[in-house]
Each structure stands twice: as structure tokens, then as C-alpha cells.
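The block underneath contains the structure these notes are about, expressed in C-alpha cells.
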Amino acid sequence: MPDTLTTPPVLVRQNADRSRPSTAEWLVGATGRFGLVGLLVLVIATFSALSPSTYFTVTNFRLVLVNQTVTVIVALAATLPLLAHYLDASVGPMLGLAQGLAVWLIAVRDVPIWLAVVAVLAAAVAVGVLNTLLVLRFGMTSIIATLATGSVLMGLLYLITGGRVIFQNVPESFTGIARGDLAGIPLPLLYLLAIVVVLEVVVVWTPFGQRMYSMDGNLRGAARAGIDVNSYTLRAFVGAAVLAALAGLLLASRIGSGQPAVGQQFLLPAFAAAFLGAAVLRPGRVNMLGTLIAAYFVSFTIAGLQHLGAATWIESVFNGVAVIGGVSVAGLAVRRRRRLAVRHVERLEAEHPEPPHPASERDRP
């Protein structure tokens, strides 16, 4: 008698996520992935209708897009360690040190621009290595380690600047890096676009991103799975510090001065964008494009409220609400994905029931 063909239970589980979802599930998933994009369009349309003469103008859109490039780059810097569930609170202070150090070297110490940039990036690498050592070798949680590092960086910034704004003798060759246009497109936007493309390719299309996601805050489990935890942690923290330093260089070039107290104010908007971005495109997972969309969603919303006469404190309130909302929605997305995976497994097991096991020699009469 021929054996009945059945699908092994192991294959059922392996193919669970590949089973086709129902129409309702697909609609819910699409809403989760692209809902924030729709909200961004709705926000722009609403405020454009309410303030057509001031909000719905090329000048306003250009200002919002360009003015937020630094914040978006810092948000991308915060997103990189979050891939592996590390929280880097030193990205804001790193931005501050980078802009102050760059201007001090160029304007006060008369260092060539290229050498000053190299020095700033080298300092960023050192900060990333320090954060990695504190987390891996000294067993600190990432938030405690990076908060401590950030405090040190803010102290160094004050030491370098002497508590004063450095604005004299800043050459136009340095300020021109972020103040020009190329084919009518502001240079900061082109820099941001290049950074986003590189990060998206690295995170999505290379093993780096997949292994970072696989770490998921479980270092021992990742190590048992063959992932070099130390190497990927180092890359995450160094990459975040370098991105924050690039944001600091861009800020220094745009404003043409070194500020003694810049950095901490970028943290909340950065994490608001990173956490809110986890609810879009790949719900439940932080991702670079999601961070970009979330950052501009927050920026265009705040700009619209300010055009309607909202007080300045609305920005802090909205950023805080964005963090709470982003974390909550991302958590819901993770739980929903798990429920769908379990449901798919149950559906496939019902369609392909496991055959009864033959009796062993011990069980036979």
C-alpha cells in the first residue's frame, strides 16, 4: 500500500510566514506599513489648506526640508544601534563636540579643513569604541554607558569653546560646504539623500543589517547562532558616532560658528523619529527609511502648528508624544506579527495534519 504524502511539520513551521494572508490581514498590514506616509500627506494637505499663503509655499517646504537635515542625520545615527536594541544617548553630544571641535580647529588653530574633518571623524571613532568597551567589557547597559559618555562629551565641548560662541575667522570655504546648491537642490539635502541610500543598502541588502536585527538584544543567543557580537556591536556604536559627527560638521558649516551648548536638544527629536519610524514600512522594526519619513512627519506637523500660531513649547510636547506613540505602535506591530505567525502555523498544520507515529518495539504487545 503506498504511503500517504504529507507535509512534515518542520516544513510547515518553516513556511509559516510564507503562507498567503487573508485580504483583511493584508489590508491591516498595508495600513501599518504605509499609514504614516498617508498621515504625512494628510498633514501637508491640511495645513496647506489652512495657511495657503505661508505654509503651502516653495520657500516653506524648502526651509523645513533643509533645516531638518541635521536632525534627520542624528536620528539615523540613533537608529543604527537600535537595530540591535542598543540605545545610544551620546549621539546628540557627539554632534555638539563635532561642531565645536571643527570650528575651533579651523578658526582658532588654523588647521586645514580636510585635516579638521579627519580629526573630528577620528574622535567619533574613539567615542564609538569607548561606548562598545563600556557595554561589552564593563557590562553596562547601553543607555547608562552612553549617557555617561555624552556627559563627558558635553564637558569637553565647553572646555574647547571656553563657554563662548566661536564665530570669527571661519572661512567661506568651510561654510560653503553646506550653504550651496547643486542643480537647484540644496547641498544638505543631497548629503542626506546619499547617507540614507548608503544606510538603506547596507541595512537591507547586506548581511550586516540582518545580523544586527538577529542580535535583538540577546547577545548570548546571537553568539550561539554564530554572530560575532563584539564586531557588530562595535560597528553599530562607531557608525552612530560617525553619523552624529557628520551631522555636527554639517551644522557647523551651515551656521558658521561653534556653539558651546549644542547637542542635547537633538536627542529627543532624534529618538522620536527613530521610534515612530519603527511603525512604518517594517512595523515593529526600526528602519532607516521609516526614520526619515517619521522625522519629516514630525517636522511638517510642528511647522504647520507654528504657522497657525501655536506656542514654541508645542515642539517638545509633540516630540514626547511621538516617542510614546512610536514605541506603543511598534510594540503592537510586533505582537500582531507574532499572532499572525502562530495563526499561519495552525492553518498549515490543519491543512497538512501530522501522520500518526508507528508504534515502537517497546509498545508492541
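Counting from 57, one number per residue, gives the positions in the sequence shown under my numbering.
Glycine residues also receive a C-beta, built at the ideal position from the N, C-alpha and C atoms.
Terminal residues of the alpha helix (DSSP H) in which residue i lies
i      : result
THR197 : It is not in any alpha helix (DSSP H) - THR197 carries neither H nor E in the DSSP assignment.
HIS363 : 344-363
GLY295 : 285-311
ILE251 : 243-261
ARG341 : No alpha helix (DSSP H) contains ARG341, which DSSP labels as neither H nor E.
ARG235 : 228-235
ALA366 : It is not in any alpha helix (DSSP H) - ALA366 carries neither H nor E in the DSSP assignment.
PRO325 : 323-333
ALA279 : 275-280
Counted within 10 angstroms of its Cβ, other Cβ atoms place residue i as buried (16 or more) or exposed
i      : result
THR205 : buried
LEU325 : The sequence given here has Pro at residue 325, not Leu. PRO325 comes out buried.
GLY195 : exposed
ARG267 : buried
ASP284 : exposed
ALA359 : buried
ASN375 : buried
ARG310 : buried
LEU302 : buried
GLY295 : buried
LEU209 : buried
TRP160 : buried
ALA201 : buried
ALA367 : exposed
PRO168 : exposed
PRO244 : buried
ASP237 : exposed
GLY319 : buried
VAL373 : exposed
GLY152 : buried
LEU213 : buried
PHE103 : buried
LEU290 : buried
TRP170 : exposed
ILE251 : buried
VAL173 : buried
ALA101 : exposed
Cβ-Cβ distance between residue i and residue j below 9 Å
i      : j      : result
LEU121 : PRO242 : yes
GLU256 : MET344 : yes
ASN225 : ALA297 : no
THR125 : ASN116 : no
LEU332 : GLY346 : yes
ALA317 : VAL354 : no
VAL128 : ALA329 : yes
PHE264 : ALA131 : no
ALA300 : ALA154 : yes
THR217 : GLN315 : yes
LEU305 : ALA158 : yes
TYR142 : ALA292 : yes
GLY148 : ALA308 : no
VAL259 : LEU139 : yes
ARG89  : ARG341 : no
LEU119 : TYR352 : no
Rounded distance between the beta-carbons of residue j and residue i, thought under 8 Å
i      : j      : result
TYR247 : MET271 : Between MET271 and TYR247 the Cβ distance is about 29 Å, and since that is not below 8 Å, they are no contact.
SER313 : VAL176 : Rounded, the Cβ-Cβ distance is 15 Å, inconsistent with contact.
SER198 : PRO137 : 7 Å
MET150 : VAL183 : 6 Å
VAL191 : THR357 : Contact flag wrong, Cβ pair sits at about 34 Å.
LEU361 : ILE370 : 5 Å
LEU275 : SER107 : The pair is not a contact, with the Cβ atoms about 50 Å apart (cut-off 8 Å).
Residue i beta carbon near the ligand ZN (any heavy atom closer than 8 Å)
i      : result
ARG291 : With respect to the ligand ZN, the structure offers nothing, as it holds no ligand at all.
What are the start and end residues of each continuous alpha helix (DSSP H) run of 4 or more residues lying completely inside the segment 83-154, in chain order?
DSSP assignment within the segment 83-154 yields the following whole alpha helix (DSSP H) runs of 4 residues or more, N-terminal first: 114-123 and 125-138.
In chain order, each alpha helix (DSSP H) run of at least 4 residues that lies wholly inside the segment 159-218:
Correct list: 169-192 and 198-217.
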